[in-house]
Structures are given as C-alpha cells and as structure tokens.
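Respectively, the protein sequence lines represent chains A and B.
1 is the number of the first residue of the first sequence in this note's numbering; add one for each residue after it.
256 is the number of the first residue of the second sequence in this note's numbering; add one for each residue after it.
Beta carbons: idealized from backbone N, C-alpha and C, even for Gly.
Keep in mind the model is a prediction, meaning the values are calculated, not measured.
A short write-up of the structure that comes next.
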Amino acid sequence: MKTIVETNNVKKIYGSKGNVFTALEDIDLTVQEGEFVGIMGPSGAGKSTLLNVLATIDEPTSGDISIDGTSIIKMNEDQLAAFRRDKLGFIFQDYNLLDTLTVKENIVLPLALAKMNVKELEQRVDVVADKFGIRPILEKYPYQISGGQKQRTAASRAIVAKPSLILADEPTGALDSKSATDLLESLKTLSEQDKATILMVTHDAYAASYCQRIIFINDGKLFTELAKGKETRKEYFNKVLDVLSALGGGANDVI
Amino acid sequence: MTLFSLAKKNMIGNFSSYLVYFISLVFSIVIYFTFVSLQYSKKIQDSIALSDIMSFMFMASSIILILFVAIFILYSNSFFTRKRKREVGLYSMLGLQKKTIGIMLFYENLIMGLLSLVIGILLGTLLSKLFSMILIKLMGSTAEIDFSISIGAIIQTVIVFMIIILFTSIQGYRLIYRFKLIELFHAEKKGEQVPTTSLVSTIIGVILLTLSYFLILRPFPDDLNGSYIMKNYGLALVTLVIGTSLFFRSVTVYLLKLSQKNKSRYYRGTNLIETSQLLYRIKGNARTFTIIALLSAATISFFGATYSGYYGNEKSSTEDVPFSYAHLSKGQEFDTKIENIINGDKEHPITAQLDIPIIEVKGKLSFDLGYEINPIKLISVSSFNQATKALDREETIKLSRNQAAVIKPRLTEFTETDFKGKNITLDQTNQKLTFTTMVNGSVLPFDFPDFYVVVSDDMFTKLSKQLTPLTYKVYEVENEKTTEATSLKVSRLIDGDFQVHSSFYTEYKEGKEGNALNLFIFGFLGLVFLAATGSIIYFKQLTEASENKSNYEILRKVGVSKKALRKSVNKQTFFVFGLPLTVGLIHSSIILHFITNFLSNLIGASIIVPILTAMGAFVIIYIVYYVLTVNTYHKIVNK
Numbered sequence: 001m002k003t004i005v006e007t008n009n010v011k012k013i014y015g016s017k018g019n020v021f022t023a024l025e026d027i028d029l030t031v032q033e034g035e036f037v038g039i040m041g042p043s044g045a046g047k048s049t050l051l052n053v054l055a056t057i058d059e060p061t062s063g064d065i066s067i068d069g070t071s072i073i074k075m076n077e078d079q080l081a082a083f084r085r086d087k088l089g090f091i092f093q094d095y096n097l098l099d100t101l102t103v104k105e106n107i108v109l110p111l112a113l114a115k116m117n118v119k120e121l122e123q124r125v126d127v128v129a130d131k132f133g134i135r136p137i138l139e140k141y142p143y144q145i146s147g148g149q150k151q152r153t154a155a156s157r158a159i160v161a162k163p164s165l166i167l168a169d170e171p172t173g174a175l176d177s178k179s180a181t182d183l184l185e186s187l188k189t190l191s192e193q194d195k196a197t198i199l200m201v202t203h204d205a206y207a208a209s210y211c212q213r214i215i216f217i218n219d220g221k222l223f224t225e226l227a228k229g230k231e232t233r234k235e236y237f238n239k240v241l242d243v244l245s246a247l248g249g250g251a252n253d254v255i
Numbered sequence: 256m257t258l259f260s261l262a263k264k265n266m267i268g269n270f271s272s273y274l275v276y277f278i279s280l281v282f283s284i285v286i287y288f289t290f291v292s293l294q295y296s297k298k299i300q301d302s303i304a305l306s307d308i309m310s311f312m313f314m315a316s317s318i319i320l321i322l323f324v325a326i327f328i329l330y331s332n333s334f335f336t337r338k339r340k341r342e343v344g345l346y347s348m349l350g351l352q353k354k355t356i357g358i359m360l361f362y363e364n365l366i367m368g369l370l371s372l373v374i375g376i377l378l379g380t381l382l383s384k385l386f387s388m389i390l391i392k393l394m395g396s397t398a399e400i401d402f403s404i405s406i407g408a409i410i411q412t413v414i415v416f417m418i419i420i421l422f423t424s425i426q427g428y429r430l431i432y433r434f435k436l437i438e439l440f441h442a443e444k445k446g447e448q449v450p451t452t453s454l455v456s457t458i459i460g461v462i463l464l465t466l467s468y469f470l471i472l473r474p475f476p477d478d479l480n481g482s483y484i485m486k487n488y489g490l491a492l493v494t495l496v497i498g499t500s501l502f503f504r505s506v507t508v509y510l511l512k513l514s515q516k517n518k519s520r521y522y523r524g525t526n527l528i529e530t531s532q533l534l535y536r537i538k539g540n541a542r543t544f545t546i547i548a549l550l551s552a553a554t555i556s557f558f559g560a561t562y563s564g565y566y567g568n569e570k571s572s573t574e575d576v577p578f579s580y581a582h583l584s585k586g587q588e589f590d591t592k593i594e595n596i597i598n599g600d601k602e603h604p605i606t607a608q609l610d611i612p613i614i615e616v617k618g619k620l621s622f623d624l625g626y627e628i629n630p631i632k633l634i635s636v637s638s639f640n641q642a643t644k645a646l647d648r649e650e651t652i653k654l655s656r657n658q659a660a661v662i663k664p665r666l667t668e669f670t671e672t673d674f675k676g677k678n679i680t681l682d683q684t685n686q687k688l689t690f691t692t693m694v695n696g697s698v699l700p701f702d703f704p705d706f707y708v709v710v711s712d713d714m715f716t717k718l719s720k721q722l723t724p725l726t727y728k729v730y731e732v733e734n735e736k737t738t739e740a741t742s743l744k745v746s747r748l749i750d751g752d753f754q755v756h757s758s759f760y761t762e763y764k765e766g767k768e769g770n771a772l773n774l775f776i777f778g779f780l781g782l783v784f785l786a787a788t789g790s791i792i793y794f795k796q797l798t799e800a801s802e803n804k805s806n807y808e809i810l811r812k813v814g815v816s817k818k819a820l821r822k823s824v825n826k827q828t829f830f831v832f833g834l835p836l837t838v839g840l841i842h843s844s845i846i847l848h849f850i851t852n853f854l855s856n857l858i859g860a861s862i863i864v865p866i867l868t869a870m871g872a873f874v875i876i877y878i879v880y881y882v883l884t885v886n887t888y889h890k891i892v893n894k
C-alpha cells in the first residue's frame, strides 16, 4: 500500500523572540492510501495549523512533509500552487464556493485550471454530481442552495480532479445532522470504494466516528491514536468520547 | 462623550475608507476653484480682446462643471455610505437612537466637507496659477500673470460647495431613516442577480446604434436648415444615448454569455472566473460604462475639434487673409501713408506689392447655385496670375474673350462641375460670360458674398470703360506672423474694408486667441472628465477588489498561482477599462467624421493629426489609470 502523507518532526512556532508560541511540536504522521483519518483535539491544540501546513497554505518552521512521495518543503510559490491544484482537494467549514459561479462551474474549476479537455471534464462532473446527488442543482448559484448542498458541492469540487489527498476542515461544522450524515456517508464511501485518502479535522465526535482512524492532538503534540478496527460505529463513537474526556474540554462538543 | 467628538473619532478610526471620499471631495473642489478663479482673473480677461465671448464660454463651462462635480460627489458619497451601512446598523443595534445616529452622520459629513473645502481652495490657488500660465502660453500672449487670490472665486466656490455638502450631510442624516436595520446589515452581502438577456433588447440596442451612426454620417440634404439639424441630430443624440445604454446592458451580456457557450474555451484556465465575474457585475457596471463611454466620446470629439481649429489656424488665416496687408485705395495721400508704415517696418521687409483692380457688378447665373453672389467681384486674369505668383502659389489660368473662371467661394464646398460650361449674365452691360473652370485660393480677404470671377484681360478692359474699377493695394511681407505693431497701426487707419481683417496678423492672432481659449476650456473640461471617469472606474474596481478578496483567497487555496491570479485581474480590469473606452472612441470617430465634414472648410486644414493626438492622449491617460488600478487591485486581493 502506498504512503500518501508522511511528516517528520514537523514544528511550527509563531511569534518572534520573547513571545513565542509553539503550535506544533515533533509531529510524525503517516497516512496510507485509501485511509479516512480524523484529527481531533481541544480548541487551540493545533489541529487547524496541522491541516494548513499539510495543505501547503502555511509552512512549518522545521521538519519535513512529503505528500504522495514529493517533499513540499522546498517548493516555491508557483510550484506549490500547481501542487495544490494537482494533488490536493479541500473541503472547508464555510464551503468557500465562488458566488459568481454556478454549482457546476464551481466543481469544474480545478479541472479547468488543469486545462482538461471539455469532454472528459463534463463526464467527470456528471460522475461526481451523481455521487453526491447534486445533479438537479448543477445550474444554480451558491446563494440559491442550502448549506448542505453547498457543502456537497464543495466536496464534489475537492474530489473531481482525483487528488492524492483530500483535506477537510470541520466540513460538518455548519450543517444540520441530516446533511452532516449525508456528507459523512459520502466521504466514507469515497474512501472505501474509490480509495480516496481523506484527512478530516473535526470537533464533532459523531463526525469522527466515520473515520477509520483518529489522531488526537493536545498542546501541539500527538496525544494518542484510535483505530476503528472491527468495532461498530456506535462502539467507536463511545471510545472517542472517552479519549476526549481524558483530554478535557472535548466532551463539551459532543452535543 | 459628545456626539461631535464621536463623529470625530469615527473619522480618525476609519481613516482609509474616509480617505477615498475625502480625496474625491478635494479633487472636485480644486478643479472647480481653479476654473472659477481663472474666470475671475482680471489679467486673463484683459489680455484677450474677446472678453464677451470669453466670459460666456467660461460661464457655460462652469455650469457644466457644477453639474458634473455635483454628480461626481454624490456618486462617491453613495459609494462611501454603502461601505458604512453595516457600521450604522451596528450603532442602531447597540441602542443608539436613530436621531442621534443621524445627527452624528450629519456632523461627520459636514466636518469632512469643510475640511476638504479649505484644502481644496488652497491647492486650487496653486493650480490656477499653473493653468493661467498654460492658457497664456497657448494664446501666444506675453502678459504676466500675478499670483493673486481671487476673493470672488473663493466666495463662489464656497457657496456652490456648501450647497452640495449640506445636501450630502442631510442625505447622511436620512440614511438611518431610509433603510431598515436588516437592509443595513446586508448591504455589502447582497448578491447581484445574474442578468438575463433578452434577444429583443439586444437587437434594439444594435439597431439604435446603427441608426444613430447613420443619422450622424449621412450627407447634408440640399436644403439644410435649422429644423433639419434639430430633428436629425437631436434624434441621433437620443438614439446614441439609449443605444449605448442598451449596448452595455444587453449586448455585452449577450456576448459574454455567448463566450460561455464555447465550453472548450470557457472551461480553460481562469477564463471561467473572469467571464463569470464580469457577468456577475455587468448590471451594476452597465450604467457606469454608459456614462463613461458617452463622456469620453464627447470629450474626445470636442477636444479633437477644437484642437483642429487651433492646429489649422494658420492655414485658415492664410485662406481668409491671403496677403499680409490689403486695403482699398482711397487716394494718393492715404495710400502713401499706409505704404510708409509698412515700409518703415524693417524687420518685415516687403516681398511683393501689387495693385489689384476689381469691378463690382450685379449679375445673374444661368442656374440656381444656392449661394448669394451679388455684387459679383470681377478680377482680370493677369492681376490674378500676378497675385498667385506673389503668394508663391502654383495655379495660373488662361482665359480668352468671354471665358471666365470662378474662384471657389470660401466656406463652401462647390466643385468645378457646379460651374463648368454654365453662364453668367452681367447687369448693366448685358455681357454674357461662360465658366470654363473653377480655381481654389482667393487673393483678397474674405468678404461676403465671396464670389470672385476671373475674366480675360480684354473683357476686363472692355467692362472697365462702363464700370469704374476699385483698386485694392496688397502687400506681402516676410514673417507675417509677427507683425504685431505694424498691423495695429495699419488696422487703425483701414478698418471695415473687409468682413475679416485687412492684415494677416490680426486675423491670425484673433483666430489663435479664440481657438486657444476653446482649446483650453475643452482641454480643461476634458481633463476633468477624464480624471473623473478614470477615478470612477478606479473606485469601482477597488470596491470590487475588497468584495472579491475572499474569492481570490479560495482560488489560491484551490491552486491558482499568484501569477495566474494577477493575469486574471489584468484581464478583467482591461475589459472594464477597455470596453467603455473603445465604445467612446468609436462614437467619437463617428462624431469627428461628421465634424470634419462640417468644419474642414472652416478650418481648412487636415485634422487627422490633431484628432489622433487627442485620442492618443486620452488613451495614454487611461492606460496610466489602468496600471494604477491593476496594481492596487492586486495588492488588495493577493496580499
């Protein structure tokens, strides 16, 4: 099995002399192809920083990160942009859809940027749209659709270019439970059937219980890991809650 | 804390968003004040002879300026309040009374207005000095301009702007009453609807524009009268305005949507981002585009036409007054006096001196020319040829017996075929003459009716036995453009021989002054329009930039490089600047084509060069604005 993400001693320090804050410390992380991995931890633990560093939006102070076999540390601005375009897909809490584009155009965007030919591009959009059940709203604009539909659009955009890694930052944060469940089911299917690699930051133990493995972070360090194994989702959910209460603070987010 | 100090703190706190509004206020005041103080400047009024015309021109221009400045300030004010609706909503949420908020906004506007008034007048004083120097330079006059502050100009500026400022302040006061709280909160978020195209309005837009061009370009009818001009060009103007507006509203949308249809182009790189963003805002932009296109068209046309006049002045003066001096002989004593004056000017030695005898007689054409010909002025072919030679012209003619040649009447567009082979019968003698040719280039100053007929020497001698000829004495001197002192002396003795001046210099100088003034006023107004249209686009793009900031952030996350984003910004801004400018240029070429037809005879020079200069200058200033906008836009979205 292929290793998609590999980090070595990743460290991120904010601020300068006298007023330093260590957001990440010695993070070693490995994610295999087709894994659906959750990242959890209390507020301020460094989850988002980790995701941003992996997303190449932020750069680590030291350490090495390889994604799909390529080190991203020494890349320049333009190389990083191209890398994001070709290898990464993003799903954000606040959707990050362009309001000037229709749903379809939003999904098409990464393919258009990669200058794919129209025929294949249309085909891919159709496949993805069916997967997330958004075919009827393809011609609508973001302001005409619901939050759940927006998030499914964002997810479609994230996977349409078949990226090596999909990064999701609190994707269910702004969704009602029905929409959240729909989205999580879709992500799960994606990882199981299409071998998509997904890394999801979440506060929500329910959302996390859809993952195969959860990494807990506290104060910028790896705290523990929890693999699902053969347990049912319900059992796994309870285990997650246990870890969260051990971490402290996390339990408030259950409800 | 008093309300006044809250308003003051607001301004200091939100400095950057106030700055833009403040600058446009100051800008408007500077422009207006500069213009008015020129109007009030004694020196300028004294230094040109055409004071009546000047004060009228200045008056008309200052009215246009007031209108324009008022619109511009209201525009930037609405731009400014739009950005602040949220803040106002917040005050209301926090429990401030509507009245209190209103009064606060009123104060704020007032303070800013007064401050900009003071700064504007100070800057304007400096600028007016500069501009009056430019005007004097253009007119070729040597008058000194003092650096003086005109009280009248200050009072007029203060009154005009106090009215405008009070109006915007009251608008500010009413803001909180005009909108519901919820509207205030969603002011910036409200998405613009993607426009729907109607094929009908697109077609109507194109038809109207075509119609308008047709009306402007069609040749004059034979019977050209005031009501035709009013109807034809009035209709042309209306169709042009409506057509332009429809063009931007429908035709551009149609074209953009059409470009979306071509999927393989649309879904390539950042094309879909640019197209969709332009489409998304086109409705809001359409009106601005229309105004800008029409303003640029008007500015380029007027400026081009006036510059042509200035440019062609020498040629038209030469045409109107061919010799350096010309006068009607009034006896030996008088003629010698003039000759002595001209001879006495050693800096401008005489190169040629002629007597041109003329017979004035009434007559009748064998056809209808549509031009008043009586009294006809007859000139002998040898006098004419001598005169042309003295003026260094090539054209000489040969005539025998009752053959005759017409000298093309100035300010008309007759051609040889209008006359050739046709006859004229002179009264009193009943002599019949046949036209064999038409020549260009008169030898005497313009005098209506400008109908000179060259006849054979035999015929002239024969006719002069019955009709006493008048003798014109003409002089050609070196450097006729600088004969100020002598011309003045000559003019005092001989005025009224012709409808134009007797000396080339006076005609030249007068033309130069008049044209320079026109050029200056239109140049000044043009500059104002240009600066204002440029600034409107600039503000508009920057508002867009701050609204689009998040979009660009998303695009960067999705993997668009900064370089590609920059390109995309360039492309969009280019469209926004280029489209109205192109339409404006096309409009103005059509209008200038018409003006050329209408004026080329008056101006008498090729006006291609000045027109291209005017257009070129316009385009260059636009490019500067474009670069400025792109850079700021880029700074905002791509930090």
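- Residues of the stretch 90-108 of chain A with a C-beta less than 7 Å from any C-beta of chain B: F90, N96, L98, D99, T100, L101, E105, V108, listed in chain order.
- Assignment of S405/B by DSSP, reduced to helix, strand and coil, places it in the coil class.
- Not a single C-beta of chain B is nearer than 9 Å to the C-beta of A168/A.
- Listed in chain order, the non-local C-beta contacts of L101/A below 6 Å within the same chain number zero, local neighbours out to five positions each way being set aside.
- For K518/B, the residues of chain A that pass the 7 Å Cβ criterion are V118, in the order they occur in the chain.
- Bounds of the beta strand (DSSP E) holding N678/B are 678-681.
- For P612/B, the uninterrupted beta strand (DSSP E) run begins and ends at 605-616, by DSSP.
- For S635/B, there is no enclosing alpha helix (DSSP H); the enclosing beta strand (DSSP E) has its first and last residue at 631-635.
- For D78/A, the chain B residues whose C-beta falls within less than 9 Å of its own C-beta are S816, K817, K818, A819, listed in chain order.
- Q123/A counts as exposed, since fewer than 16 other beta carbons sit within 10 angstroms of its beta carbon.
- For Q658/B, the enclosing beta strand (DSSP E) has its first and last residue at 658-662.
- A Cβ-Cβ distance of about 6 Å is found for the pair F36/A and K188/A, placing them in contact under the 8 Å criterion.
- Remark: C-beta atoms of K632/B and I614/B approach each other more closely than 9 Å.
- The beta carbon of K150/A sits no closer than 9 Å to any beta carbon of chain B.
- Taking the CA atoms as reference points, G427/B sits about 33 Å from Q294/B.
- In the displayed model, N265/B falls within a helix according to three-state DSSP.
- Among the residues of chain A, those whose CB is under 8 Å from the CB of V813/B are R84, R85, F90, L109, P110, L113, R157, following chain order.
- Taking 9 Å as the threshold, the shortest C-beta distance from Q426/B to chain A does not fall below it.
- Going by DSSP, I749/B is part of no beta strand (DSSP E) at all; its letter is neither H nor E.
- Under DSSP, M40/A takes part in a beta bridge, and its partners are F216/A.
- Looking from the CA of V415/B, the closest CA among L381/B, V729/B, I319/B, T457/B belongs to I319/B.
- Interface annotation, N332/B: not in contact with chain A, CB-CB separation never under 9 Å.
- Taking a Cβ-Cβ threshold of 7 Å, none of the residues of chain A is close to L369/B; the smallest such distance is about 40 Å.
- Closer than 9 Å to the CB of A180/A there is not a single CB belonging to chain B.
- Distance from G41/A to F223/A at the Cβ level is roughly 7 Å; contact confirmed, criterion being Cβ atoms closer than 8 Å.
- Residues of chain B whose Cβ lies closer than 7 Å to the Cβ of I57/A are, in chain order, K812.
- At a cut-off of 9 Å between beta carbons, T525/B contacts chain A.
- Chain A has a Cβ within less than 9 Å of the Cβ of I528/B.
- For S531/B, the chain A residues whose C-beta falls within less than 9 Å of its own C-beta are L98, T100, L101, T102, E105, listed in chain order.
- For N364/B, there are no C-beta contacts with chain A under 9 Å, since the nearest C-beta of that chain is about 32 Å from it.
- Note that the C-beta distance between E739/B and Y760/B is below 9 Å.
- When DSSP states are grouped into helix, strand and coil, D64/A belongs to the strand group.
- Here the alpha carbons of K826/B and F282/B stand approximately 29 Å from one another.
- For the C-beta of L121/A, the chain B residues within less than 7 Å are, from N- to C-terminus, Y522.
- Collapsing the DSSP output to three states places L464/B in a helix.
- Contacts with chain A (Cβ-Cβ distance below 9 Å) from the stretch 791-810 of chain B involve N803, S805, N806, E808, I809, L810, listed in chain order.
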